[in-house]
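K.L.:
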Amino acid sequence: MSEPTRRQKLEALLAHDPNDPFLKYALAMECAAQGDDHAAVDWFQRLTREHPDYIAGYHQYGKLLLRLGHQRELRRCCGEGLQWPGNLAISMPLRKWKRYSPSWLEPPPR
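According to our numbering, the sequence shown is numbered sequentially starting from 935.
1) Would you tell me roughly how many angstroms separate the C-alpha atoms of A990 and L1000, rounded to the nearest one?
2) K958 and R980 look like a contact to me (Cβ under 8 angstroms); what is the Cβ gap, rounded to whole Å?
3) Could you tell me whether the stretch 937 to 946 touches the stretch 960 to 979, using the rule of 3 or more Cβ pairs below 8 angstroms?
4) Which word fits A960, buried or exposed, when buried means at least 16 other C-beta atoms lie within 10 angstroms of its C-beta?
5) Are P955 and H985 closer than 9 angstroms when you measure CB to CB?
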């Protein structure tokens, strides 16, 4: 029988402790590292929705959204992340996006 993958181990740990924000963060990061961007987005959305004070999640989620070109979701993520005092980490993907996207000031398409 083969060894469980890192992702499978994280999923098993999360099954035992479903309220642990670090495990959700680690699972999102592992999905992104494996190239499963859809699952990574899902886990980051869950993390930021269920644990809005878990600041590191906004930074990595913002970086992923920037790479994927999901501007509307990036704007929302950065806006939520910047609401937390001292959350300077989220400003990095926001600054990069502003630099490369002149549409920053335009309202999002409906």
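Beta carbons: idealized from backbone N, C-alpha and C, even for Gly.
P.N.:
Result, derived from the coordinates:
1) Roughly 16 angstroms separates the two Cα atoms.
2) 6 angstroms between Cβ atoms; contact.
3) Result yes; three or more Cβ-Cβ pairs closer than 8 angstroms.
4) Residue burial is scored here from C-beta neighbours: A960 has at least 16 other C-beta atoms within 10 angstroms and is therefore classed as buried.
5) H985 sits close to P955, with the two beta carbons spaced by under 9 angstroms.
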